[in-house]
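Below: the structure, in structure tokens.
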Amino acid sequence: MSLRILGGSAKGRSLKVPDSARPSGARVRKSLFDLLAARAPTGTFVDLHGGSGAIGLEAASRGYAVTLIEQDTRAVAALEANARALNLRVRIVRGESQKLLARLGRFDIVFSDPPYQADLPALTTQLLGSDVVAAGGLLICQHPDRLSLPEHPGYSREVREYGSNSLTLYQREAQADTVENA
């Protein structure tokens, strides 16, 4: 299977997709990056389930500082080869994203679309309760349209539907600095 980068410095270039990956379709990717262009056109970006690189390498092509997390060895090799072939600078971390959360740092944009059957509401709650989303940042979860993800204190939530896929966007409140007078 082959995919193409939709925009940025590597626009039109192909990605080699490992058999283990389930890449996001072009319609969802285009919609996602149209949303980001309006809301967060620059910044740090982590794809918690790197897979084919369709999302993370697209983000790198568009100028984001990207980290890709992937646990499958074949997918890691494909991500590294694709990044080299496209001349895109990305940080690739091998491992399970949920176990790495405490060590990842904070990101302006966190993308989650696990390729396996997971308890997506529980995973989303874990991500929202972690410190991986920077103040004012976005957590974007791609999931089947029949699934509803939870609300969470400190975040606004918005759902966009694209056929059988949905994107649930969580915007973290910007933490205002307050000065208390004694």
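Position one of the sequence shown corresponds to residue 62 (the working numbering), numbered consecutively onward.
Cβ coordinates follow ideal geometry from the N, Cα and C atoms, glycine included.
| Query | Result |
| --- | --- |
| With F106 and V127 assumed to form a contact (beta carbons below 8 Å), what rounded beta-carbon distance in angstroms separates them? | 5 Å |
| May I ask you to report which of helix, strand or coil DSSP gives R88? | helix |
| Between the region 67 to 84 and the region 184 to 193, do three or more beta carbon pairs fall short of 8 Å? | no |
| Which residues mark the beginning and the end of the beta strand (DSSP E) in which E131 is found? | 126 to 131 |
| Quick check on the burial criterion: 16 or more other C-beta atoms within 10 angstroms. Buried or exposed for E119? | buried |
| List the DSSP bridge partners of R233. | Y216 |
| On the three-state DSSP scale, how would you describe P79? | coil |
| For R164 and L129, I'd like the C-alpha separation in whole angstroms. | 14 Å |
| Going by DSSP, name the residue or residues bridged to T134. | Note: T134 sits in no beta bridge, so no partner. |
| Pick helix, strand or coil for A179, following the three-state DSSP scheme. | coil |
| Taking L208 as the reference, give the member of A195, D108, G224, E131 with the closest Cα. | G224 |
| Provide the residue span of the alpha helix (DSSP H) that contains A120, from first to last. | 117 to 122 |
| Report buried or exposed for V220, applying the criterion of at least 16 other Cβ atoms within 10 angstroms of its Cβ. | exposed |
| CA-CA distance, S158 and P79? | 19 Å |
| Taking the straight line between their C-alpha atoms, what separation do you get for L67 and R90? | 8 Å |
| Should I201 and L162 be called a contact, given that it needs their Cβ atoms to be closer than 7 Å? | no |
| Just to confirm before moving on: does the CB-CB distance between L199 and I170 stay below 7 Å? | yes |
| Check the DSSP bridge columns for E222 and list the partner residues they point to. | S227 |
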